[in-house]
Amino acid sequence: MTAGLLVLSPGTADAASPNIVISQVYGGGGNSGAQYRNDYIELYNRGTATVSLAGWSVQYASSTGSSWSKTNLSGSIDPGEYFLIQHGSGGNSGAALPTPDATGSVNLSATKGKVALKTDQTVLTCSTGCTTQSGVRDFLGYGSGTNSYEGAGPAPTLSNTTAALRAGAGATDTDDNASDFTAAAPTPRNSSYGGGDGCSGTCIRTIQAAKHISPLNGQSVSGVPGIVTAKSTTGFWFQDPNPDNDPATSEGMFVYTGGAPQVNVGHSVTVSGTVSEYRRGGSSTDNLTITEIVNPSITTISTGNPLPAPIVVGSDGRVPPSSVIDNLSTGDVETRTSFDPTTQGIDFWESLEGMRVRLDNPKVVGPRNTYGEIPIVPVGSGTMTTRGGIAIQSNDFNPERVLVDDLLVATPTANVGDTLSGAVVGLLDYSFGNYKLQVTGTPTVSSGGITPETTATPSATELAVATFNVENLAPGDPQSKFDTLASQIKNNLKSPDLIAVEEVQDNSGTTDNGVVAADQTWTKLINAITAAGGPTYQYRQIDPVDGQDGGAPGGNIRQGFLFRTDRGLSFVDRPAAGSTTANSVINNNGAPQLRYSPGRIDPANSAFNASRKPLAGEFTWNGQTFFAIANHFNSKGGDDPLFGRWQPPVRSSETQRHQQAAVVNGFVDQILAVQASAKVIVLGDINDFEFSETTNILTGNGSILTSLPATLPAAERYTYVYEGNSQVLDQILLSSSLTGLPYAYDMVHVNSEFAAQVSDHDPQVVRLPF
Numbered sequence: 003m004t005a006g007l008l009v010l011s012p013g014t015a016d017a018a019s020p021n022i023v024i025s026q027v028y029g030g031g032g033n034s035g036a037q038y039r040n041d042y043i044e045l046y047n048r049g050t051a052t053v054s055l056a057g058w059s060v061q062y063a064s065s066t067g068s069s070w071s072k073t074n075l076s077g078s079i080d081p082g083e084y085f086l087i088q089h090g091s092g093g094n095s096g097a098a099l100p101t102p103d104a105t106g107s108v109n110l111s112a113t114k115g116k117v118a119l120k121t122d123q124t125v126l127t128c129s130t131g132c133t134t135q136s137g138v139r140d141f142l143g144y145g146s147g148t149n150s151y152e153g154a155g156p157a158p159t160l161s162n163t164t165a166a167l168r169a170g171a172g173a174t175d176t177d178d179n180a181s182d183f184t185a186a187a188p189t190p191r192n193s194s195y196g197g198g199d200g201c202s203g204t205c206i207r208t209i210q211a212a213k214h215i216s217p218l219n220g221q222s223v224s225g226v227p228g229i230v231t232a233k234s235t236t237g238f239w240f241q242d243p244n245p246d247n248d249p250a251t252s253e254g255m256f257v258y259t260g261g262a263p264q265v266n267v268g269h270s271v272t273v274s275g276t277v278s279e280y281r282r283g284g285s286s287t288d289n290l291t292i293t294e295i296v297n298p299s300i301t302t303i304s305t306g307n308p309l310p311a312p313i314v315v316g317s318d319g320r321v322p323p324s325s326v327i328d329n330l331s332t333g334d335v336e337t338r339t340s341f342d343p344t345t346q347g348i349d350f351w352e353s354l355e356g357m358r359v360r361l362d363n364p365k366v367v368g369p370r371n372t373y374g375e376i377p378i379v380p381v382g383s384g385t386m387t388t389r390g391g392i393a394i395q396s397n398d399f400n401p402e403r404v405l406v407d408d409l410l411v412a413t414p415t416a417n418v419g420d421t422l423s424g425a426v427v428g429l430l431d432y433s434f435g436n437y438k439l440q441v442t443g444t445p446t447v448s449s450g451g452i453t454p455e456t457t458a459t460p461s462a463t464e465l466a467v468a469t470f471n472v473e474n475l476a477p478g479d480p481q482s483k484f485d486t487l488a489s490q491i492k493n494n495l496k497s498p499d500l501i502a503v504e505e506v507q508d509n510s511g512t513t514d515n516g517v518v519a520a521d522q523t524w525t526k527l528i529n530a531i532t533a534a535g536g537p538t539y540q541y542r543q544i545d546p547v548d549g550q551d552g553g554a555p556g557g558n559i560r561q562g563f564l565f566r567t568d569r570g571l572s573f574v575d576r577p578a579a580g581s582t583t584a585n586s587v588i589n590n591n592g593a594p595q596l597r598y599s600p601g602r603i604d605p606a607n608s609a610f611n612a613s614r615k616p617l618a619g620e621f622t623w624n625g626q627t628f629f630a631i632a633n634h635f636n637s638k639g640g641d642d643p644l645f646g647r648w649q650p651p652v653r654s655s656e657t658q659r660h661q662q663a664a665v666v667n668g669f670v671d672q673i674l675a676v677q678a679s680a681k682v683i684v685l686g687d688i689n690d691f692e693f694s695e696t697t698n699i700l701t702g703n704g705s706i707l708t709s710l711p712a713t714l715p716a717a718e719r720y721t722y723v724y725e726g727n728s729q730v731l732d733q734i735l736l737s738s739s740l741t742g743l744p745y746a747y748d749m750v751h752v753n754s755e756f757a758a759q760v761s762d763h764d765p766q767v768v769r770l771p772f
């Protein structure tokens with residue numbers, strides 16, 4: 003031996019190969035019913051270093067023969083990559099193989115035979131005992147009656163439609179052909195497979211493509227490989243363990259079986275079936291589709307495989323766009339040809355559809371809802387609120403949001419400001435207008451520690467005015483709801499002098515029986531406030547026409563005023579107005595007054611069809627007159643979702659809100675036309691943002707009224723949390739004579755951020771030093 007030179011023997015197949023193994027053999031190429039036109043032998047590098055094949059060969063003999071045919075090899079195989087060797091054909095049936103890395107002319111038996119991988123090109127002459135021959139690196143005997151093989155027996159007998167596939171996607175080598183190989187649908191893989199240059203055959207990424215709709219939609223696919231990553235009651239997700247380098251194409255997808263799937267997590271499978279784009283809710287909905295394989299035929303190759311590593315979303319992985327959901331579409335996002343996950347939030351999440359995704363210590367930005375959903379964002383996202391949510395702005399609806407969902411496992415109770423500790427892992431799904439993470443393990447919640455807020459107590463010279471949507475309050479609700487609302491009014495709002503209350507239902511609640519009176523609802527709330535130690539409020543309202551004001555059918559919701567008289571506030575009663583009576587402004591010697599108090603503003607106007615009519619009331623506070631207008635504008639129901647099919651989202655509901663805002667603005671104009679210094683407070687559930695066109699119309703672009711939410715820092719502007727977006731829906735707006743006072747304004751966060759909430763809205767209060 004020469005000093006310093008280590009000479010290694012070539013070894014034999016008796017020992018597990020440290021690197022190159024035979025990973026597939028298929029001999030039915032071109033035969034009747036064959037899936038591929040040529041026979042092939044596939045190699046795999048299960049090692050950690052690149053291996054040169056120069057001077058190597060693959061050789062074939064019949065199941066009991068000693069006459070071997072060889073194909074010389076060249077090139078190399080990188081770690082974790084495949085090498086495809088095309089061989090002969092028995093006819094013209096089947097598809098062409100992926101581009102082979104080497105080509106031979108040997109015809110392999112479709113059912114049984116012997117294949118040897120040698121580190122030299124010397125032809126074998128053995129019939130039995132071939133695994134111990136010099137230069138044999140790996141050996142496969144397949145089919146019943148084959149007389150040479152590794153281990154206890156040969157691999158299964160094959161056919162024109164099955165190949166011998168090594169377990170673990172080619173990585174398992176126990177030196178036992180019978181246990182290492184299964185007969186399954188052929189899935190030939192060449193050196194491009196998973197190597198960053200494309201996909202061999204039909205892979206998941208080929209189906210998903212860099213699109214919202216698969217280019218193979220409606221087409222049949224066969225032998226799509228992947229590892230089962232999770233399963234539901236109607237199907238399973240699987241993911242390619244050998245991804246390419248293109249982050250725009252998802253490596254995972256859902257297989258719809260229609261019932262409990264007969265596979266388990268960790269199974270390596272191939273799936274044949276039809277590509278389908280499933281739109282939950284039907285073709286007329288605004289939902290995006292989920293790419294699926296339906297009517298599947300599933301072949302299990304091996305079990306117990308490790309799952310593909312999840313894609314990390316956040317600062318340590320793929321970072322979602324920070325502000326843009328979609329600014330490329332002008333209609334149906336699914337028809338646009340461009341696709342950019344780096345700048346478009348809707349494309350970013352689509353590029354991960356069906357894949358395992360991980361967020362580390364994500365922030366909870368919305369409370370767990372009744373559907374088990376928890377909105378989260380990666381650490382470092384957006385404009386966070388002062389209490390740990392994420393605020394919307396006119397140019398940012400927070401594309402980094404995703405909803406943790408409970409389809410596979412239960413989700414815990416969580417509030418805004420909490421953290422889901424550690425790695426949160428799940429399958430990226432979509433339904434009901436949102437991308438969702440179907441977690442595979444119940445997350446652990448670390449509390450952010452927020453508690454319900456409390457506002458300051460008004461001084462003797464401050465008039466406290468509030469607005470509060472009490473969410474479909476009816477006498478049949480549990481007493482606990484009344485008691486909690488009473489506590490919030492007394493303790494958190496400090497018993498304001500005047501409260502505009504929205505969503506008060508009639509005495510029979512949602513029973514649609516013609517009842518419109520709500521005196522029992524008002525009385526039960528007032529009594530609860532008194533029982534909680536608060537003042538005895540009075541109320542004013544007008545019963546609507548049955549079924550004409552929208553809301554829950556039969557509920558006849560309306561808004562009204564609660565007011566207390568023990569601190570100098572009085573309601574100016576000018577009765578005789580019914581539900582269809584239009585209020586007006588009278589000039590009383592240069593001072594405005596309402597013809598009716600309370601009275602509804604233009605109730606016959608089409609702007610208020612199936613919607614609440616504004617209620618105007620005249621008040622005096624220690625001898626000074628002011629006017630309050632309680633509102634509940636048209637809801638956002640029916641608008642397109644932020645992550646929906648139509649981009650930019652069509653907000654059809656705002657047309658009516660614009661009309662309603664114009665009517666209220668016009669009424670305020672009538673008051674100010676009589677006296678420019680008149681004190682006017684417009685308040686209630688405006689159902690629109692402080693930066694919206696609705697607000698612009700209502701305020702006269704800021705010249706008539708000032709929206710108090712718009713005066714707050716961006717991180718403090720919210721009364722409502724929807725799908726993780728903290729936003730303004732409720733507003734208090736003041737005329738100029740009031741904004742000139744040193745008022746104090748407070749959004750009091752007691753509901754919207756908490757999983758346990760008595761209303762989905764937060765109240766707000768302004769203290770005015772008259």
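Note that the working numbering has the sequence shown beginning at 3, numbered continuously upward. Where a beta carbon is used, it is the ideal one built from N, C-alpha and C, also for glycine. As the structure is a prediction and not an experimental result, all values here were calculated from the model.
Residue i, buried or exposed, once every other Cβ within 10 Å from all chains shown has been counted against 16
i: residue 689; result: buried
i: residue 182; result: buried
i: residue 229; result: buried
i: residue 594; result: buried
i: residue 280; result: exposed
i: residue 774; result: Not covered by the structure: residue 774. The range shown for the chain is 3 to 772.
i: residue 381; result: exposed
i: residue 61; result: buried
i: residue 539; result: buried
i: residue 373; result: exposed
Length of the line joining the Cα atoms of residue i and residue j
i: residue 448; j: residue 671; result: 51 Å
i: residue 197; j: residue 245; result: In this prediction, residue 197 has a pLDDT of 42, which is less than 50 and means its spatial position is unreliable; what the coordinates show is noted afterwards. For residue 197 and residue 245, the distance between alpha carbons rounds to 8 Å.
i: residue 336; j: residue 215; result: 6 Å
i: residue 1; j: residue 422; result: Absent from the structure is residue 1, since the part of the chain shown begins at 3 and ends at 772.
i: residue 558; j: residue 765; result: 22 Å
i: residue 712; j: residue 676; result: 27 Å
i: residue 427; j: residue 317; result: 16 Å
i: residue 467; j: residue 654; result: 32 Å
i: residue 511; j: residue 349; result: 44 Å
i: residue 637; j: residue 554; result: 12 Å
i: residue 683; j: residue 733; result: 10 Å
i: residue 545; j: residue 520; result: 7 Å
i: residue 146; j: residue 159; result: 6 Å
i: residue 119; j: residue 70; result: 12 Å
i: residue 247; j: residue 648; result: 30 Å
i: residue 99; j: residue 85; result: 12 Å
First and last residue of the uninterrupted beta strand (DSSP E) at residue i
i: residue 209; result: Looking at the DSSP string, residue 209 is not in any beta strand (DSSP E); the run it does join, the alpha helix (DSSP H), is 206-210.
i: residue 168; result: 165-168
i: residue 2; result: This structure cannot speak to residue 2, because the chain is shown only from 3 to 772.
Endpoints, the alpha helix (DSSP H) within which residue i is located
i: residue 676; result: 656-676
i: residue 180; result: 179-182
i: residue 351; result: 347-352
i: residue 61; result: Looking at the DSSP string, residue 61 is not in any alpha helix (DSSP H); the run it does join, the beta strand (DSSP E), is 59-63.
i: residue 772; result: Here residue 772 belongs to no alpha helix (DSSP H), and DSSP marks it neither H nor E.
Own chain residues within Cβ distance below 7 Å of residue i, not counting five before or after
i: residue 585; result: 579, 596, 597, 598, 601, 602, 603, 618
Same chain only: Cβ atoms within 6 Å of residue i, ignoring 5 sequence neighbours per side
i: residue 20; result: 49
i: residue 416; result: 366, 370, 376, 447
Same chain, Cβ closer than 8 Å to residue i, neighbours up to 5 away in sequence not counted
i: residue 34; result: 93, 95, 162
i: residue 148; result: 65, 66, 114, 115, 116, 156
i: residue 174; result: 168, 182, 304
i: residue 489; result: 534
Every unbroken beta strand (DSSP E) within the segment 494-571, with a cutoff of 3 residues, ordered by chain: 500-506, 540-542, 560-565
Taking only runs of the alpha helix (DSSP H) that begin and end inside the segment 674-729, which ones reach a length of at least 4 residues, in chain order? 695-701
In chain order, which beta strand (DSSP E) runs of at least 3 residues are fully inside the segment 18-44? 22-28
Curious, which full-length beta strand (DSSP E) runs of at least 3 residues does the segment 106-133 contain? 115-120
Which complete beta strand (DSSP E) runs does the segment 421-447 hold, if anything under 3 residues is left out? 421-423, 425-433, 436-441
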